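Heads up: the structure comes next, in structure tokens.
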Ligand SMILES: C[S@@+](CC[C@H](N)C(=O)[O-])C[C@H]1O[C@@H](n2cnc3c(N)ncnc32)[C@H](O)[C@@H]1O
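Residue numbers (our numbering): -11 to 240.
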């Protein structure tokens, strides 16, 4: 079992995703539409149009590609596991290190970041790199769990209790706003995105979460109880959905 200290080094979560990236990818492959609203919400905020160059960092297994047609999509990752899994699906993901992206200045119309930055304590280097690669007039859209959000309790208390690696993060708060500003990014939008993660029934929704977060010490029934208690669920057509929320900063 890995020891995850809340104030641990940046490298901790890179190592963790080398371990549980396979489970994460399996969840996204078996339930590819579960997080559709999340991706579509961020894409809408970004105002993406055909022909644009879009950089997604960290991209995981290039899951955004399902929702973006007619753009050049470049994924950036710190995890070799994710980069390899994405490439197997014919999506190219480049590895980066030390907060230096392997991309030229002003090459991207849009830079997106979804649900990955809470793994990084000091985000200033990443934000500076986003600023460097975005074209003049382009946009940087970063979305992650807020420090005062109900989602944080689910992740750090419930998920942390049942996954092999524990869970902790440096979630979006007032410091994030300062870090964006210090990186030279101008915040033009700042909002909570509320939506559902969906599956055909509760068992499948719980199985998706169990895989995504690597909750190897919980069965699907236990995960279903955690979802109900920490997040709440609602019906959505012929699907059941759990409440999820990210905080989104739109920058120019
Ligand atoms: C929850 S996944 C999000 C991936 C993808 N954006 C998505 O929405 O599915 C978290 C991502 O953070 C990345 N990550 C973990 N630790 C990191 C670190 N220290 N620096 C940068 N990225 C890290 C992982 O490789 C993984 O891609």
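Note that CB positions come from ideal geometry on N, CA and C, so glycine has one too.
These figures come from a predicted structure and were not determined experimentally.
Less than 8 Å between the beta carbons of residue i and residue j, yes or no?
i: residue 100; j: residue 182; result: no
i: residue 64; j: residue 49; result: no
i: residue 30; j: residue 236; result: yes
i: residue 103; j: residue 234; result: yes
i: residue 218; j: residue 142; result: yes
i: residue 112; j: residue 35; result: no
i: residue 46; j: residue 75; result: no
i: residue 132; j: residue 106; result: yes
CB of residue i to nearest heavy atom of ligand 1: below 7 Å?
i: residue 191; result: no
i: residue 104; result: yes
i: residue 48; result: yes
i: residue 138; result: no
i: residue 235; result: no
i: residue 13; result: no
i: residue 41; result: no
i: residue 99; result: no
i: residue 210; result: no
i: residue 65; result: yes
i: residue 5; result: yes
State the CB to CB distance for the pair residue i and residue j, rounded to an integer number of angstroms; the pair is presumed to be in contact (CB under 8 Å).
i: residue 55; j: residue 28; result: 6 Å
i: residue 18; j: residue 41; result: That pair is no contact at about 30 Å.
i: residue 203; j: residue 139; result: About 15 Å; that fails the 8 Å criterion.
i: residue 208; j: residue 191; result: 6 Å
i: residue 9; j: residue 70; result: 5 Å
i: residue 15; j: residue 199; result: 4 Å
Look up residue i in the DSSP assignment and give the residues it is bridged to.
i: residue 218; result: Paired residues: none, contrary to the question.
i: residue 134; result: 160
i: residue 41; result: 60
i: residue 129; result: 100 and 238
i: residue 82; result: 64
i: residue 224; result: 227
The stretch 118 to 134 / the stretch 160 to 172 touching (three or more Cβ pairs under 8 Å): Yes, they touch.
Three CB pairs or more closer than 8 Å across the stretch 208 to 222 and the stretch 143 to 159: In the pairwise beta carbon analysis, the stretch 208 to 222 is classified as touching the stretch 143 to 159: at least three pairs are separated by under 8 Å.
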